[in-house]
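Structure, as structure tokens:
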Amino acid sequence: MDVLTEGVREQAPWTMLFADDIVMVDESKDGLEDKLERWRQAVEEGGLRISRAKTEYMWFGGDGRPGSITLQGQLLTRTGEFKYLGSYVNEKGELDREVNHRIQAAWINWKRMTGMLCDRRIQRKVKGKVFKAVVRPAMIYGSETWPVKKAQEKKLEVVEMRMLRWSMGKTRKDKIRNEVIRKMGGVIEVSKKIQERRLQWFGHVMRREEEYVGRKVSSMQLEGKRRRGRPKRRWKDCVVEDLREKELIEEDVLDRTEWRRRVRNSDPLPLKGKS
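Per the working numbering, the sequence shown runs over residues 383 to 657.
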């Protein structure tokens, strides 16, 4: 694919490839159609074909009405969201769909492990290790780039606590505080792990060269006027809050070892015993 599209491929974020999936971005309808046609010619000359049925387009923002996109006269399907690299992207830039998807993925993994997580003969620390190795990664996959809101973090923590209580053989009727349940399994709040991943990713991006796409996008200034009302929460807003809470400044990222030490939110030591 790289060889076939060498003459039409642009740098990210305008063109992004992963296996046989392609994402194209443009500032106008005409520009996108022109780009799509050039890609069609390039890949079909190499014996491949762009699927008209699977190709969809999304329109972001603006006050105008989006026009339809066609490929060789065939109307393409407009979508309000699409899945790319395991994460959902939607036209409004909201995170609710992705958070719900991650909760669903975490439940699937938790249910697969219930034979062990709900076994009262298994030590709590072992259950905690399994939870952190199997369930939590599914819940926070891709979270380093989330502009997450407090309500969404709370939603994740409620689900996490429900899983942990069942794993520890406890219910709310036992009147055991959340902090104690977490200490039983040695599991810190999921919001703290999201913060850790976000700051680790921020440090990785800021240590890269100026031409790295992550740095370009993080400092990108969008043209146009913002709509009236409260502005949307941005990823950068989350980072600023994290830096303030951790008493860090951007220049601290240059010392990679020290940065990773200071942004780490460690899980508590698990309490001894069985559920």
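Built from N, CA and C at the ideal position, the CB exists for glycine as well.
{"Check": "Per-residue burial, Ala515 [other beta carbons within 10 Å of its own, 16 or more giving buried]", "Outcome": "exposed"}
{"Check": "Beta-carbon proximity list for Gly596, same chain, < 6 Å, skipping 5 on both sides", "Outcome": "Val587"}
{"Check": "Check whether Ile485 and Met543 have beta carbons under 8 Å apart", "Outcome": "no"}
{"Check": "Same chain only: Cβ atoms within 6 Å of Glu526, ignoring 5 sequence neighbours per side", "Outcome": "Arg579, Arg580, Trp583"}
{"Check": "Beta-carbon proximity list for Arg638, same chain, < 8 Å, skipping 5 on both sides", "Outcome": "Gly585, Arg589"}
{"Check": "Sheet register partners of Tyr466 (DSSP bridge)", "Outcome": "Ser469"}
{"Check": "Minimum C-alpha distance to Arg518 - residue among Glu473, Pro529, Leu538, Ile504", "Outcome": "Leu538"}
{"Check": "Arg554 burial status per 10 Å Cβ neighbour count (16 or more: buried)", "Outcome": "exposed"}
{"Check": "Pair within 8 Å by beta-carbon distance, Gly568 and Leu499", "Outcome": "no"}
{"Check": "Contacts around Ala424, its chain only, beta-carbon distance under 7 Å, and the 5 residues preceding and following it disregarded", "Outcome": "Leu386, Thr387, Gly389, Val390"}
{"Check": "Segment contact, 8 Å Cβ cut-off, at least three pairs: the region 423 to 439 with the region 449 to 466", "Outcome": "yes"}
{"Check": "Bridge-paired residues (DSSP) for Met406", "Outcome": "Thr397"}
{"Check": "Nearest-angstrom Cβ-Cβ length linking Pro395 and Val635, presumed shorter than 8 Å", "Outcome": "Wrong, their Cβ atoms sit about 22 Å apart, outside the cutoff."}
{"Check": "Contact test: Trp641 Cβ vs the ligand FAD heavy atom, cutoff 7 Å", "Outcome": "Ligands are entirely absent from the displayed structure, and the ligand FAD is therefore not among its contents."}
{"Check": "Given Trp617 as reference, the closest of Trp528, Ser601, Glu640, Gly428 once Cα atoms are compared", "Outcome": "Trp528"}
{"Check": "Beta-bridge partners of Glu438, as assigned by DSSP", "Outcome": "Thr459"}
{"Check": "Inter-residue spacing [alpha-carbon to alpha-carbon] between Ser549 and Ala401", "Outcome": "38 Å"}
{"Check": "Reference Asp478, options Arg610, Glu535, Met602, closest by Cα", "Outcome": "Glu535"}
{"Check": "Runs of alpha helix (DSSP H) lying entirely within the region 599 to 641, each at least 4 residues, in chain order", "Outcome": "617 to 628"}
{"Check": "Minimum C-alpha distance to Phe513 - residue among Met495, Asp501, Asn647", "Outcome": "Met495"}
{"Check": "Between the CA atoms of Lys511 and Thr397 - distance to the nearest angstrom", "Outcome": "39 Å"}
{"Check": "Rounded separation between Leu630 and Ser648 - CA only", "Outcome": "18 Å"}
{"Check": "Length of the line joining the Cα atoms of Ile558 and Met602", "Outcome": "47 Å"}
{"Check": "Rounded Cβ spacing between Ile451 and Glu415 (contact assumed at less than 8 Å)", "Outcome": "6 Å"}
{"Check": "For Lys656, the three-state DSSP class (helix, strand or coil)", "Outcome": "strand"}
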